[in-house]
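Taking it in order: structure first as structure tokens, then the write-up.
Protein chains in written order, with this note's numbering: chain A, 1 to 628; chain B, 629 to 708.
Next comes the structure, spelled out in structure tokens:
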């Protein structure tokens, strides 16, 4: 039955410690056991190979980080462990070689920095025709080389009165000056020159070496090192791109083996035995037993424990209903004492969604969008969402016929739609009552489920209290009818009697807290008015979009064409295109907003109003032990 | 010329809607700030955040209903 959860059995396997690796493999092969930590005996220890796998994993992860590899390989069959470990060791060797390259790269980088500094020092002397030896050999003369800060004329002007000889040199977009003065005038020269120039230190060069020659030599060496650096870096990058998927695959596969090897951490053990505990679906228990006995050569026991405490939840729904499971999981999985509400949601969500959005045009568009998404998404969340949207779109179309609306108008290309409930004028109060009626039914159903669940579990007073809530809700409904349609029901005495009876019953079965919660029920009911309010706002939005004067614009073009006024046709085309685009965009926005609001608000009515009447959740997700 | 009682009714409707809208905005700003914090801490909570943000919209919806009822009392209700 779809409302019931998959029955679970707690299995306890006791086997010889020598058989542990085979049992672990068998549990993984089985693929549907939810492992728990055994409290029997002393805590278990990982399998022997765990240490080696861990070391290789640490190496592979650090390599991925160092090489900037961020890949998640596609799932594939698990390769043999020994082969993976051997390959990992091969990668280790390759990385060692790359590390030598790294050391050489560091040396090259240091040499390059040194060369660049030397080149910077020599650059100002590049065009100086004087030999470097001249500077050291001058005895009676003082030779100085300046880089000019200001223009040459001012420098010359300041030095004009001194007995000096000056040679100006151009180079690298700057101007330099070699100044020779008698040793006696050295101090004066430096003082005058410092206003307009900075003295440069003369680099020490080998004997007979010229400035230009030294510079050419250094530049040549730098170029060579730069080429070697690029070559080494390229080798690293090539290795990284060539082996990225290989390293990521190795890491992922060894991670699986690592998980397997550390699984016995969750076992309990005695001197010779291993104790393994986990949850399996009851119908698979025999299969587990068979598998374990097979791999251990009948040297194990597999027992079923009669407990439901902390059992994980497995939902059991047919494909049509399964697409709504994500909504239940999104809130909270049912616990073992509850019914699975997916079936309820799969019926009421599309109906309420459709009632909020209610429009034939938007409904058909929603179905078209959902079909597209359904074909595109092969599986998973989007596939489920598409299936849910398809059903919701269908009900949007159905309610569109009830409201007689097609994209905000009450006809389909001239064919008038006959609304059962108008979402305008005098139809609005009827819509309001309809929304409240949906609330009454929805909440009443939730309360009835709550009453039945409590009754089934022997909580009879809570079950009676839930029934009292239903009576109170009926009283509210009658009060509403009495207020808005007294010609249907007009008996305040009955209403007061029902209210009093239910309040007394609530006090009797659940005490003061239940009585205090009575306004909460009214608030829950009024919350369903959002069905009407959101519906109206959707209609108004569509009507505003429809006011865009595309039709009149097209008519004026046709009139101009009929009159042979081609200038008029040409003038009218641009506004018509503009109005057409705005109209399409407007309806796209209305569709998007409608889908979002109807979805979110319908979901809210389920989570907050409906679920609060019978559902607590808190189920433990079933996480089967299996290879990725 | 609009008579004073019609203007009063219109103002009452506007007040009902405005109060609901302001209360919703205030609640959503608080929830929004907390939600951003939650999303920064934990991935994959965007759906829940959307739902939490939609929760206080009840107030503006009830404000809309009250406004609608007030305007209905003038006999001018309806979306059209």
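The beta carbon of each residue, even a glycine, is placed where N, CA and C say it ideally should be.
The model shown is predicted, which means the values in this text are computed figures rather than measured ones.
CA-to-CA distance, residue j to residue i, given in whole angstroms
i                      : j                      : result
residue 210 of chain A : residue 119 of chain A : 14 angstroms
residue 685 of chain B : residue 432 of chain A : 18 angstroms
residue 180 of chain A : residue 236 of chain A : 54 angstroms
residue 317 of chain A : residue 3 of chain A   : 8 angstroms
residue 551 of chain A : residue 389 of chain A : 32 angstroms
residue 324 of chain A : residue 545 of chain A : 33 angstroms
residue 614 of chain A : residue 339 of chain A : 9 angstroms
residue 135 of chain A : residue 143 of chain A : 6 angstroms
residue 441 of chain A : residue 627 of chain A : 46 angstroms
residue 105 of chain A : residue 595 of chain A : 59 angstroms
residue 238 of chain A : residue 341 of chain A : 55 angstroms
residue 618 of chain A : residue 58 of chain A  : 37 angstroms
residue 707 of chain B : residue 410 of chain A : Because residue 707 of chain B carries a pLDDT of 40, less than 50, the predicted location of this residue cannot be relied on, and the following value inherits that uncertainty. Spanning the two alpha carbons is a distance of roughly 13 angstroms.
residue 490 of chain A : residue 701 of chain B : 22 angstroms
residue 378 of chain A : residue 513 of chain A : 49 angstroms
residue 581 of chain A : residue 322 of chain A : 39 angstroms
residue 691 of chain B : residue 648 of chain B : 5 angstroms
residue 65 of chain A  : residue 364 of chain A : 50 angstroms
residue 696 of chain B : residue 469 of chain A : 29 angstroms
residue 500 of chain A : residue 493 of chain A : 11 angstroms
residue 269 of chain A : residue 47 of chain A  : 13 angstroms
residue 158 of chain A : residue 133 of chain A : 28 angstroms
residue 282 of chain A : residue 8 of chain A   : 5 angstroms
residue 530 of chain A : residue 452 of chain A : 29 angstroms
residue 280 of chain A : residue 38 of chain A  : 15 angstroms
residue 549 of chain A : residue 579 of chain A : 7 angstroms
residue 139 of chain A : residue 183 of chain A : 8 angstroms
residue 228 of chain A : residue 101 of chain A : 11 angstroms
residue 26 of chain A  : residue 301 of chain A : 14 angstroms
Residues sharing a beta bridge with residue i, DSSP
i                      : result
residue 145 of chain A : A:178
residue 630 of chain A : Nothing about residue 630 of chain A can be reported from this structure: the residues present for chain A run from 1 to 628 only.
residue 687 of chain B : In the DSSP output, where bridge partners are listed per residue, residue 687 of chain B has none listed.
residue 411 of chain A : A:416
residue 644 of chain A : This structure cannot speak to residue 644 of chain A, because chain A is shown only from 1 to 628.
residue 164 of chain A : A:181
residue 170 of chain A : A:175
residue 279 of chain A : A:10, A:34
residue 406 of chain A : A:409
residue 325 of chain A : Note: residue 325 of chain A sits in no beta bridge, so no partner.
residue 268 of chain A : A:43, A:275
residue 16 of chain A  : A:273
Cβ distance (whole Å) where residue i is taken to contact residue j below 8 angstroms
i                      : j                      : result
residue 393 of chain A : residue 367 of chain A : 4 angstroms
residue 398 of chain A : residue 250 of chain A : Not confirmed; about 55 angstroms, so no contact.
residue 203 of chain A : residue 122 of chain A : 6 angstroms
residue 177 of chain A : residue 167 of chain A : 7 angstroms
residue 171 of chain A : residue 127 of chain A : 4 angstroms
residue 83 of chain A  : residue 49 of chain A  : So it is not a contact: roughly 13 angstroms between Cβ atoms.
residue 534 of chain A : residue 598 of chain A : 7 angstroms
residue 313 of chain A : residue 334 of chain A : 6 angstroms
residue 572 of chain A : residue 553 of chain A : 6 angstroms
**Study point:** Residues in the segment 592-615 of chain A having any Cβ partner in chain B nearer than 9 angstroms
**Key:** Answer in chain order: 596, 597, 600, 601, 603, 604, 607, 608.
**Study point:** Secondary structure, beta strand (DSSP E): runs of 3+ residues fully inside the segment 188-266 of chain A
**Key:** Taking 3 residues as the minimum length, the beta strand (DSSP E) runs contained wholly in the segment 188-266 of chain A are 197-199, in order along the chain.
Check your understanding: Which ranges would you report for the alpha helix (DSSP H) in the segment 329-376 of chain A if only whole runs of at least 4 residues count?
Key -> Entirely contained in the segment 329-376 of chain A, the alpha helix (DSSP H) runs reaching 4 residues are, in chain order, 342-357, 360-376.
Check your understanding: Got a sec: which bits of the segment 324-351 of chain A sit with their beta carbon under 8 angstroms from any beta carbon on chain B, in order along the chain?
Key -> Hits within the stretch, in order: 330.
Exercise for review: Mind listing, in chain order, the continuous alpha helix (DSSP H) runs of no fewer than 4 residues lying wholly within the segment 60-125 of chain A?
Suggested key: Here the runs fully enclosed are 81-122.
Practice item. Check each residue of the segment 522-535 of chain A: if its Cβ is closer than 8 angstroms to any Cβ of chain B, include it; give the result in chain order. Key: Cβ contacts with chain B come from 526, 527, 529, 530, 532, 533, 534.
Check your understanding: What residues from the segment 680-691 of chain B come within 8 angstroms of chain A, judged by C-beta to C-beta, listed N to C?
Key -> Of all residues in the segment 680-691 of chain B, 682, 683, 685, 686, 689, 690 have a Cβ within less than 8 angstroms of some Cβ in chain A.
Review point. Fully enclosed by the segment 412-497 of chain A, which alpha helix (DSSP H) runs are 4 residues long or longer?
Key: With a minimum length of 4 residues, the continuous alpha helix (DSSP H) runs that stay inside the segment 412-497 of chain A are 427-456, 460-484.
Review point. In chain order, what residues of the segment 642-661 of chain B put their CB closer than 8 angstroms to some CB of chain A?
Key: So the list is empty, because no residue satisfies the distance condition.
Point to revise | In chain order, each alpha helix (DSSP H) run of at least 4 residues that lies wholly inside the segment 539-617 of chain A | key: Within the segment 539-617 of chain A, the complete alpha helix (DSSP H) segments at least 4 residues long are 550-562, 566-604, listed from N- to C-terminus.
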